[in-house]
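Residue numbers (this note's numbering): 291 to 469.
All residues carry an ideal CB built from backbone N, CA and C; glycine is no exception.
Written below as structure tokens is the structure these notes are about.
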């Protein structure tokens, strides 16, 4: 029963993230930019500070179970923690220039990130793909400080990655808006 509740909650989060409507919360852009800089620079320590690993694992697990079912497979318990953890890291995401498709040479600025954010619900934003449908690529949630991460470190308050797709992801970053 608890497992079903978790899957339903994750499905609801994924559905909400897919809609990506509304204006982004003002303070999200800086934390999302810090996350994207960690991805671009392959900074594992900063990447870990910018994610909620248990939440991301849960979203990935739900996606993998759904993909398996769609392929006619049923694996009891879903993918292992080890397999899920290997899917979460800066090497599994790539930032590219929206115009050329080439890897970015430097991290995006807050001004580049801000127009890519849409509020899903209070305290949840998505980084959308820039298409007219504005499909959600990554989901971030505002979290309180003072909690412990998996390594036992005390976390600061801020926006953390809580959802991402199970496959290798390219994030196209548009040039900064003209001043």
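Nearest residue (CA-CA) to residue i, options the options
| i | options | result |
| --- | --- | --- |
| residue 345 | 468, 455, 467 | 455 |
| residue 332 | 317, 425, 394 | 394 |
| residue 328 | 371, 355, 317, 399 | 399 |
| residue 420 | 439, 388, 450, 447 | 388 |
| residue 422 | 436, 396, 377, 405 | 405 |
| residue 339 | 373, 390, 452, 465 | 452 |
| residue 396 | 467, 363, 463, 440 | 463 |
| residue 353 | 467, 457, 442 | 457 |
| residue 381 | 334, 408, 407 | 334 |
Cβ-based neighbour list, residue i, same chain, cut-off 6 Å, excluding 5 preceding and 5 following
| i | result |
| --- | --- |
| residue 384 | 460 |
| residue 336 | 328 |
| residue 465 | none |
| residue 448 | 321 |
For residue i: DSSP bridge partner residues
| i | result |
| --- | --- |
| residue 415 | 409, 430 |
| residue 465 | Answer is none; residue 465 lacks a bridge partner. |
| residue 393 | 386 |
| residue 450 | 431 |
| residue 460 | 384 |
| residue 341 | 451 |
| residue 444 | 438 |
Cβ-based neighbour list, residue i, same chain, cut-off 7 Å, excluding 5 preceding and 5 following
| i | result |
| --- | --- |
| residue 403 | 319, 322, 323, 326 |
| residue 446 | 435 |
| residue 343 | 378, 440 |
| residue 351 | 368, 369, 374 |
| residue 468 | none |
| residue 450 | 340, 341, 342, 430, 431, 433 |
Cut-off 8 Å between Cβ atoms - residues of its own chain near residue i, not counting five sequence neighbours on either side
| i | result |
| --- | --- |
| residue 413 | 315, 431, 432 |
| residue 364 | 358 |
| residue 444 | 435, 436, 437, 438 |
| residue 386 | 392, 393, 394, 460, 461, 462, 463 |
| request: Would you list, in sequence order, the uninterrupted beta strand (DSSP E) runs of no fewer than 3 residues that lie entirely inside the segment 355-383? | output: none
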